[in-house]
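Visitor:
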Amino acid sequence: MTTRVLIAEDNPDHAFFTARGFRAPGVEIETVSDGAAALDFLHRRGEYADRSRPHLIVLDLKMPKVDGLGVLREIKESAELRTIPTVVLSSSDRREDIESTYRLGGNAYSVKGATLDGLRDGVRALAEYWSELTRLPSPPE
Amino acid sequence: MQPAQTALDMIHIAEVLAFGGVLLAILRRRPPRPAGTAWLVGIFGIFTAITLLGVWAPRPTHSLGYLLYAKVVLAVLFIVPYLFVRLAEALAGIGGRRLATACTLAVLVGTAALPRLPLRGERRPVWFWIWLAVALLAWVVQSFISGTGLWRAGRGQPTVVRRRLRLLASGTLALAVTLVVSGFGPASNPTSFQVVVAGMALVSILLFVLAFALPGFLRVLWRQPEARQLAEAEAELMSALTPERVAGLLLPHITRLVGGSGAALLGLDGRCIDSYRMSPDDLARAAGELPGSGDGGTCQLPGDLVACRLQSAWLVAQVSAATPLFGADEMHLLETLGQRADLALARGHAYAEEQRARDRAEAANEELQSVLYSVSHDLRSPLISLAGYLGYLREDYGELLPDGAGHYLSRMDANVAYMTDLIQDLLDLSRVGRADTSAIEVEVRRLAAEVADEVESQHPGVRVAVEEPLPVLWMNDLRSRQLFTNLIENAVRHSGRPDVTVTVRATAQLDGAALVTVTDDGVGVPEAYREQVFRMFERLEPAGGGSPGTGIGLAVCRRIMESAGGRIELAARPGGGACVQMWFPAALVRRWPAFATSGSDGSA
C-alpha cells in the first residue's frame, strides 16, 4: 500500500529537501509550487483531474497565489478534504502563524530548521513520524 | 536767642533743604517721568513753600491782609492730603478720590468762611475748634485712605517696591499724626512744642525723601531676597534647555529683582518667546519699538519699557509706577541678568544642536542595524540549502566520488559553517543595538555556571571555574548571556591549549562598581593587540583556518558593555593567559549575594 504525500512549497530547494526527507519505499510524493495549484490538486481540477487524493499534506505558509493558511482554511472547511492530515512546515516561528494554523484545524506545525543540518534532519524526523509512526486515514475518494 | 528757637530754625532749614532736594531730584529726572510725578511735585512744592513761609512769615496781626494771607496758606496746605490720595492712586491704583475731593472742598469752604484767626495766646472760639476739627479730620481720613492703600499695594510686590510703598505710607500717616498733635497742642504754642512738632514733621519728610530718592545701598540691600530666589532658580536653569523654559524660569525673577511690573523675552525678530505679566498690547508695543540693531547693552524704549539686547534675544522689562527708580544701577542689573539668560539660552541651543546630531546619528545607526539584520537573515537561507545539498551529496553519491573529493567536501562544510557563524554573529551584533533593552536581575553566578556547563560539554578537557561571590546585575537577560557565552567561548577558542582553565570571578570596587573578570591560562594576547581584538573582524589568526571564530564576538561584548554603561578591557594574566576585565557601574550592581564585600584581591 502506498502513502501519497502532497508537498506545497514554492522554494525549489526546500521542496527538494522536504521531498527527499519523505522519500522512502511505498511513499509517493507530489509537489506543487503554489497554493492555487495545491487546491486544484486536492479538488482534482484542471491538470490534476486524474490524480488521486493524498494521505498527507505538507504546506509551506509563504506561497504565491494562495498562501498556506488560505489553503489550510479551505481544506478544513471542506467536508470532503478535512480528514486529510495537514502539516505546516514553515520557516516562520511567529506566534500568530502557529496559533492560526491550529485554530484553522492544522494537524501539526513544524519550523524549518534554523541551523545548518536542521532543514535536513528536521524534515527527516517529520517524515519518520508521519509516514512511519502514525497511521493515516484513507484519503477521500 | 533761646536754644529751642535755634533748634526750631535748624529744623526748618533742614526741612527746606529736604523738600527742595527732593523737588529738584524729581524735576531733574529724565523723561519719561513715572506716573504720579505731577502730584509729587505738587506735594513737595507746597511743603517747600510753606516751610519757607514758616521761616520768613509776616508777623501775625488782626489785619485783613494777614487774614487773607493766612487763609491762602491754610487752603494750600489742606490740599496736600488730596494730593496724597491722587499720588497713591497713580502709584498703586487705590480708590477714594471722591471722598478726598469732598473732604478737601469742605475744608476749603470752611477756611474761606473763617471770620478771623485767633493769634498765639488768644482764646480760641468754638467755631474755630469746629473748623480745626473738621480740617484735621479731613486730613486724617485722606491720609488713612492713601496710607493704608499704599501699604496694602505693597503686598506681594518685590521687596524693594514693597518697602518703598510702605515708606510712603508711613510718611503719610506720620505727617497726619504730626498735624493732629500740632492742631490740638497748647494754645500758647511755646517754642519747645514747636520744636517737637517740627521734628515730627521732619521725620515724616525724611520718610518721603527715602521713598523717592531711595539710596543705592538700600536698593541693593532690599533686593537681596529676590537675588537669593534667583540664585535658587539658577540651579534649575541648568536643566532648562528650551528658550521657553529659560524664559519661564528667569522672567519672574528678573521682574522682581528690578522691581518692575513685568518682563518678556523676545526673539531678535520681535517674536515673543515668553512673557511674564505683560499684556499683549505692551508686548506688541515693545516688539514695534525695538531698535533695528543693538550692540548689546540696555536702552530705554518709549513709555515704561526698558530693553536689553542679548546674543540671541531681547530682554524687555516693564517698569511700574511703583518701581523706585530705574537708574544706571537698574540698567546694569538688567544687563547682568540678561547675560545670565544669554548663557542659559546658549546652553540650551548647544544642547538642542547636540540632540539633533545625536538623533541623526541614531537614525543612521538604526537603519544600518536594520539593514544588517535583514541582510544577515537573507544570507542564511541559501547557506542552509547549500549545507543541505552538501549533506545529500555525501549521502547519495559519496561512494561514487573519487578519493580527494571528500576533502573538498569537508572544506566546503567548514566554510559553510564558518559563514553561518559569521552571519549569526552579525545578527547578534545587530540585536545589541536593537529592540529589547529591558533589564532584569541577572545572577552572574548562575549564568556563568550555565554557560560553563555548556562549554565544558562541548569541549572535553576544558574547565570553567566560577568563583563566588559574583554580583547580581541589572541587565538585559539575552545580552548578559551573550556576553558571558562569547567571553568564555572566546577564552577557550583562543587559549591555544585543549585543557585550558577559564575562571570567572568578581570584586567590588570602592565606588560601588563591580569588576568581573574572565581569565584563562592560555597563550594570552600580546599587549599590542589587546585593543584590536575588540574591533570588528579583527582576528589574530587568518580567517577560515587555525582557530575558529569570526572576530565579532568580542566586538559584540564591547557593544553590550558600552550600551549598558560599563567598560571592557583585555589585560594580561600574571603567569600567562588573558584576562578580560569588565567594569559594571554601581547603577548596574543590584547586590552581592552571600558576601557583602569581596575577599579576593581580584588581581588575576
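Heads up: the sequence lines are chains A and B, in that order.
According to this note's numbering, the stretch in the first sequence is residues 1 to 141, in order.
According to this note's numbering, the stretch in the second sequence is residues 1001 to 1604, in order.
Cβ atoms here follow ideal geometry from the backbone N, Cα and C, with glycine treated the same way.
Kindly indicate which three-state DSSP category B/GLU1443 falls into: helix, strand or coil?
Guide: Your numbering for residue 1443 of chain B matches position 443 in the second sequence. If DSSP states are grouped into helix, strand and coil, B/GLU1443 belongs with the strands.
Visitor: Provide the residue span of the beta strand (DSSP E) that contains B/ARG1591, from first to last.
Guide: The residue given as residue 1591 of chain B occupies position 591 in the second sequence. According to the DSSP assignment, B/ARG1591 belongs to the beta strand (DSSP E) that extends over 1589 to 1591.
Visitor: Quick check on B/PHE981: does DSSP put it in helix, strand or coil?
Guide: In the structure displayed, chain B extends from 1001 to 1604; residue 981 of chain B sits before or after that span and is not available.
Visitor: Would you please state the rounded distance, in angstroms, between the beta carbons of B/ALA1138 and B/VAL1107? I believe it to be under 8 Å.
Guide: Start at 1 with the first residue of the second sequence, and residue 1138 of chain B comes out as number 138. Start at 1 with the first residue of the second sequence, and residue 1107 of chain B comes out as number 107. With 8 Å as the limit, B/ALA1138 and B/VAL1107 qualify as a contact, their Cβ atoms being about 5 Å apart.
Visitor: Below 8 Å on the Cβ atoms is my guess for A/ARG45 versus A/ILE84; work out the distance and round it to an integer in Å.
Guide: By one-based count along the first sequence, residue 45 of chain A stands at place 45. By one-based count along the first sequence, residue 84 of chain A stands at place 84. That pair is no contact at about 16 Å.
Visitor: Hey, is A/PHE41's beta-carbon within less than 8 Å of any beta-carbon in chain B?
Guide: On the first sequence, position 41 is the one that residue 41 of chain A refers to. By this cut-off, A/PHE41 is not an interface position.
Visitor: If you scan the region 1212 to 1287 of chain B from start to end, which runs of the alpha helix (DSSP H) of 4 or more residues do you find wholly inside it?
Guide: 1216 to 1222, 1224 to 1237, 1243 to 1257
Visitor: Out of A/TYR129, A/GLU47, A/ARG94, A/LEU42, state which residue places its alpha-carbon closest to the alpha-carbon of A/LYS76.
Guide: Reading the first sequence from its first residue, position 76 is the one you call residue 76 of chain A. Among A/TYR129, A/GLU47, A/ARG94, A/LEU42, the Cα nearest to that of A/LYS76 belongs to A/LEU42.
Visitor: Assign B/ALA1543 to one of two classes, buried (16 or more other C-beta atoms within 10 Å of its C-beta) or exposed (fewer than that).
Guide: Here the question's residue 1543 of chain B lines up with position 543 in the second sequence. Confidence in B/ALA1543 is poor, its pLDDT being 45 and thus under 50, which makes the residue's placement too unreliable to answer from.
Visitor: Just checking my contact of B/VAL1518 with B/ILE1488 at CB under 8 Å: how many whole Å lie between their CB atoms?
Guide: Counted from its first residue, the second sequence places residue 1518 of chain B at position 518. Counted from its first residue, the second sequence places residue 1488 of chain B at position 488. About 6 Å separates the two Cβ atoms, so the contact holds.
Visitor: Could you compute how far the alpha carbon of B/PRO1398 sits from the alpha carbon of B/GLY1406?
Guide: Counting from 1 along the second sequence, the entry for residue 1398 of chain B is found at position 398. Counting from 1 along the second sequence, the entry for residue 1406 of chain B is found at position 406. Residue identity check: residue 1398 of chain B is Gly in the sequence provided, not Pro. Distance between the alpha carbons of B/GLY1398 and B/GLY1406 is about 8 Å.
Visitor: Taking 8 Å as the CB-CB cut-off, is A/ARG95 touching chain B?
Guide: Taking the first residue of the first sequence as position 1, residue 95 of chain A is located at position 95. Not a single CB atom of chain B sits nearer than 8 Å to the CB of A/ARG95.
Visitor: Can you tell me whether B/GLU1232 is buried or exposed? The criterion is at least 16 other CB atoms within 10 Å of its CB, across all chains shown.
Guide: As a working note, residue 1232 of chain B is residue 232 in the second sequence. When all chains shown are included, B/GLU1232 counts as exposed.
Visitor: If you drop the 5 nearest sequence neighbours on each side, which residues of the same chain put their C-beta closer than 8 Å to that of A/SER92?
Guide: On the first sequence, position 92 is the one that residue 92 of chain A refers to. Correct list, in chain order: LEU61, LYS62, VAL111.
Visitor: Among B/ILE1552, B/ASN1490, B/ALA1506, which one has its Cα closest to the Cα of B/VAL1523?
Guide: Taking the first residue of the second sequence as position 1, residue 1523 of chain B is located at position 523. Answer by Cα proximity: B/ASN1490.
Visitor: Going along the chain, which unbroken runs of the alpha helix (DSSP H) with 4 or more residues stay wholly within the region 14 to 63 of chain A?
Guide: 35 to 43
Visitor: Rounded to the nearest angstrom, what separates A/ALA38 and A/ALA19 at their Cα positions?
Guide: Numbered from its first residue, the first sequence carries residue 38 of chain A at position 38. Numbered from its first residue, the first sequence carries residue 19 of chain A at position 19. Approximately 15 Å between the Cα atoms of the pair.
Visitor: Whose C-alpha, out of A/VAL71, A/ASP13, A/GLY113, is nearest the C-alpha of A/ILE57?
Guide: Stepping through the first sequence from its first residue, residue 57 of chain A is reached at position 57. Taking only the C-alpha atoms, the option nearest A/ILE57 is A/VAL71.
Visitor: Contact defined as beta carbons within less than 8 Å: I believe B/LEU1310 pairs with B/GLY1338. What is the distance between those atoms, to the nearest angstrom?
Guide: As a first step, residue 1310 of chain B must be located in the second sequence, where it is residue number 310. As a first step, residue 1338 of chain B must be located in the second sequence, where it is residue number 338. Sure, about 5 Å apart at Cβ, within 8 Å.
Visitor: In chain order, what residues of the region 5 to 28 of chain A put their CB closer than 7 Å to some CB of chain B?
Guide: ASP13, PHE17, ARG20
Visitor: Could you run through the region 119 to 135 of chain A and flag, in chain order, every residue whose CB is less than 7 Å away from some CB of chain B?
Guide: Of all residues in the region 119 to 135 of chain A, only LEU119, ARG120 come within less than 7 Å of chain B when Cβ atoms are compared, listed by chain position.
Visitor: Where does A/ASP93 fall in DSSP's three states?
Guide: Position 93 of the first sequence, counted from the start, is the residue given in the question as residue 93 of chain A. If DSSP states are grouped into helix, strand and coil, A/ASP93 belongs with coil.
Visitor: Check whether the Cβ of B/ALA1387 lies closer than 8 Å to any Cβ atom in chain A.
Guide: Working through the second sequence from its first residue, we reach residue 1387 of chain B at position 387. Chain A has a Cβ within less than 8 Å of the Cβ of B/ALA1387.
Visitor: Determine whether the beta carbon atoms of A/THR3 and A/VAL27 lie at a separation below 8 Å.
Guide: Translated into the one-based positions of the first sequence, residue 3 of chain A becomes position 3. Translated into the one-based positions of the first sequence, residue 27 of chain A becomes position 27. Closer than 8 Å, so yes.
Visitor: Going along the chain, which residues of the region 1391 to 1407 of chain B sit with their C-beta nearer than 7 Å to a C-beta in chain A?
Guide: GLY1391, TYR1392
Visitor: Provide the residue span of the beta strand (DSSP E) that contains B/GLN1482, from first to last.
Guide: For the purposes of this step, residue 1482 of chain B is identified with residue 482 of the second sequence, where counting begins at 1. Element bounds for B/GLN1482: not the beta strand (DSSP E) but the alpha helix (DSSP H), 1477 to 1493.
Visitor: So what's A/ARG4 in DSSP terms, helix, strand or just coil?
Guide: By 1-based counting over the first sequence, the position of residue 4 of chain A is 4. Strand, per DSSP.
Visitor: To the nearest whole angstrom, what separates the beta carbons of B/PRO1205 and B/ALA1018, a pair I think is in contact under 8 Å?
Guide: Counting from one through the second sequence, the residue named residue 1205 of chain B turns up at place 205. Counting from one through the second sequence, the residue named residue 1018 of chain B turns up at place 18. With the sequence shown as reference, residue 1205 of chain B is identified as Ile, and Pro is not the correct amino acid for it. Taking 8 Å as the upper bound for CB-CB distance, B/ILE1205 and B/ALA1018 are in contact here, some 5 Å apart.
Visitor: CA-CA distance, B/GLN1157 and B/ALA1092?
Guide: For this step, residue 1157 of chain B is matched to residue 157 along the second sequence. For this step, residue 1092 of chain B is matched to residue 92 along the second sequence. So the two alpha carbons sit approximately 11 Å from each other.
Visitor: Does any CB atom of chain B fall closer than 8 Å to the CB of A/ASP117?
Guide: As a working mapping, residue 117 of chain A is identified with position 117 in the first sequence. Taking Cβ atoms only, chain B reaches closer than 8 Å to A/ASP117, which makes this a yes.
Visitor: For B/GLU1569, which three-state DSSP category applies?
Guide: Translated into the one-based positions of the second sequence, residue 1569 of chain B becomes position 569. Three-state result, B/GLU1569: strand.
Visitor: At what residues does the alpha helix (DSSP H) containing B/GLN1142 begin and finish?
Guide: In the second sequence, counting from the first residue as 1, residue 1142 of chain B sits at position 142. Taken as a continuous stretch (DSSP letters only), the alpha helix (DSSP H) holding B/GLN1142 covers 1126 to 1153.
Visitor: Based on Cα-Cα distance, which residue from B/ASP1521, B/LEU1343, B/GLY1199 lies nearest to B/GLY1575?
Guide: Numbered from 1 along the second sequence, position 575 holds the residue referred to as residue 1575 of chain B. Ranking B/ASP1521, B/LEU1343, B/GLY1199 by Cα distance to B/GLY1575 puts B/ASP1521 first.
Visitor: Just curious, the alpha helix (DSSP H) that B/ARG1309 is in, first and last residue?
Guide: As a working note, residue 1309 of chain B is residue 309 in the second sequence. Judged by DSSP secondary structure, B/ARG1309 falls outside any alpha helix (DSSP H) and instead within the beta strand (DSSP E) spanning 1305 to 1309.
Visitor: Check B/THR1298 in the structure and name its three-state DSSP category.
Guide: The count along the second sequence starts at 1 and reaches residue 1298 of chain B at position 298. Reduced to three states, the DSSP call for B/THR1298 is strand.
Visitor: From which residue to which residue does the alpha helix (DSSP H) around B/LEU1083 run?
Guide: Counting from one through the second sequence, the residue named residue 1083 of chain B turns up at place 83. From DSSP, the alpha helix (DSSP H) with B/LEU1083 extends over 1064 to 1092.
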